[in-house]
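All letters in the sequence shown, in the order written, are residues 273 to 391 by the working numbering.
Built from N, CA and C at the ideal position, the CB exists for glycine as well.
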Amino acid sequence: MKTSEIAQRLVTHCRAAQWEAAQTELFAPDAISTEAQAMPGMNRETKGLAAIIEKGRQFGAKIETVHALTVSDPLVAESAFAVTMGLDVTMKGQPRMQIAELCVYLVKDGKIVSEEFHP
């Protein structure tokens, strides 16, 4: 798959909140996920697809209500792309909040090998 096709598939999955399906389909087994800062109980950097999927499950378990989810169209280069994602959520035991991030993905051999999130 070309970078532009991977980017569009990721956007389609994310707009439907199908995080694990996106990761399973599009990420390399040795992919790396890097957060701008570590959330409580989580590492800043996560290595490997299984660990990335588990990180997503842990984050999802902390969400009480998703009020809105937005994902921009991708901005695509030869081997990288970026999207903005916004979440309006209520986390368990916390007040409602908005999260906005620039998400940057690197692609190699038809798979996402790296993702980075920036506030």
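Contacting residues, own chain, Cβ-Cβ under 6 Å from residue i (five flanking each side not counted)
i      : result
Ser305 : Thr318, Ile324, Glu387
Thr356 : Ser344, Leu374
Pro346 : Ala279, Val283, Phe353, Val355
Val338 : Val361
Gln370 : Asp360
Beta-carbon proximity list for residue i, same chain, < 8 Å, skipping 5 on both sides
i      : result
Val348 : Thr275, Ser276, Ala279
Gln296 : It is Thr, not Gln, that sits at residue 296 in the sequence shown. These residues qualify, in order along the chain: Leu321, Ile325.
Arg287 : Leu341, Val343
Arg281 : Met273, Ala294, Glu297, Leu298
Cβ pair residue i, residue j closer than 7 Å
i      : j      : result
Ala300 : Lys383 : yes
Ala308 : Val385 : no
Lys327 : Lys364 : no
Val376 : Ser351 : no
Start-to-end residues for the beta strand (DSSP E) that takes in residue i
i      : result
Lys319 : 317 to 319
Ala340 : 335 to 343
For residue i, the residue or residues it bridges with in DSSP
i      : result
Ile325 : For Ile325, which the question treats as bridged, DSSP gives no partner whatsoever.
His390 : Leu374
Ser305 : Thr318, Glu387
Thr368 : The displayed chain sequence assigns Arg, not Thr, to residue 368. Looking at the DSSP assignment, Arg368 forms a beta bridge with Thr362.
Val355 : Cys375
Phe299 : Ile384
Close-in-space but distant-in-sequence residues of the same chain around residue i (CB under 7 Å, 5 per side omitted)
i      : result
Gln290 : none
Cβ-heavy atom distance, residue i to the ligand SAH, below 6 Å
i      : result
Met363 : By its list of ligands, the structure shown contains no ligand whatsoever, and the ligand SAH lies outside what it can speak to.
Opening and closing residue of the alpha helix (DSSP H) in which residue i lies
i      : result
Glu277 : 275 to 287
Below-7 Å beta-carbon distance, residue i vs any chain B residue
i      : result
Glu317 : Given the protein chain composition of this structure (a single chain), no chain B is represented.
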